[in-house]
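Peer 1: Sequence positions in the sequence shown follow our numbering and run 28 to 230.
C-beta: ideal position from N, C-alpha, C; glycine also.
The structure presented is a predicted model; accordingly, all values stated were derived computationally and were not measured.
Please see the structure below; I have some questions.
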Amino acid sequence: TRMQARPEAVSDRELVVSRRFSASPARLFTAWTEERHLKQWFGPNGFTTQTRAFEFREGGIWDFDMIGPDGTRFTNWIEWREIARPDRIRYIQGAGSDDPESFETTVTFAVVDGATEITLHSLFKTKARRDEVVERFGAIEGGYQTLGRLSDYVEASASEGSAGRRLVTWNLQTLYGHFEGPTPWALDFHMNVWGEELEAFSL
């Protein structure tokens, strides 16, 4: 009887990286699933992305190049396999749909102690390939850098958003500067001036 090779342990083929964020799972999920956001942070330090096609749905693809600091282009292809908003995304990544070295990544967004913990869990087809991307391409450090860039992007977006919004308010007061009547919250005089013109203005 021919002996079959023992399957490699899953743990030998895994790569796991995680980080905690102050942003909500929904906000982080959006940053991970819209191309306009992804191009701002996806990839290790110094990398940029250039998209050829993007469709975020189960079965959709993201076809893009990752461009290194020295200008080297790395062809990338992602097919979204599972989308569970805002808890989990699972996708296949490689150089193309027929890449024999493609790998599967699950991204989870979990609330832990009031923060959002993102975990990247990548599963390679062989231990040898997993070891190669770690040793040759620095995948672990690259994963931490990528999550660091996401953190910087989300924090910067939050501060820009709050600083860039305006609050416009109007109120009624008398010519003497009074908002209330003779007693606190006596606002009956407001109704004396309410009419079509003020209604149109408020709308």
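Sorted by chain position, which residues of the same chain lie with C-beta nearer than 6 angstroms to P96's C-beta, five sequence neighbours on each side aside?
Peer 2: Same-chain partners within the cutoff: G73.
Peer 1: Applying the 10 Å Cβ sphere with the 16-neighbour rule, what's the burial state of W221?
Peer 2: By the neighbour-count rule (16 or more Cβ atoms within 10 Å), W221 is not buried but exposed.
Peer 1: Going by DSSP, what residues sit across from N103 in a beta bridge?
Peer 2: BP columns for N103 point to F91.
Peer 1: Look at the alpha carbon of V138 and the alpha carbon of E41, and state the distance between them as a whole number of angstroms.
Peer 2: If you take the alpha carbons of V138 and E41, they lie about 23 angstroms apart.
Peer 1: Can you check whether the CB of T146 is closer than 8 angstroms to the CB of T135?
Peer 2: A contact, by the Cβ cut-off of 8 angstroms.
Peer 1: Going by the beta-carbon positions, is the gap between T78 and E62 smaller than 8 angstroms?
Peer 2: Yes; because the gap between Cβ atoms is below 8 angstroms, this pair is in contact.
Peer 1: Can you check the region 136-176 for any alpha helix (DSSP H) of at least 4 residues that lies completely inside it and give the ranges in chain order?
Peer 2: Segments of the alpha helix (DSSP H) lying fully in the region 136-176: 154-162.
Peer 1: Kindly give me the distance between the Cβ atoms of S49 and A142, rounded to whole angstroms, as I take these residues to be in contact under 8 angstroms.
Peer 2: Indeed, because the Cβ distance is near 6 angstroms, the residues count as touching under 8 angstroms.
Peer 1: Where does the unbroken beta strand (DSSP E) through Q77 begin, and where does it stop?
Peer 2: First-last of the beta strand (DSSP E) with Q77: T75 to F81.
Peer 1: Distance check for S178 and I88, CA to CA, integer angstroms please.
Peer 2: Taking the straight line from one Cα to the other gives about 24 angstroms.
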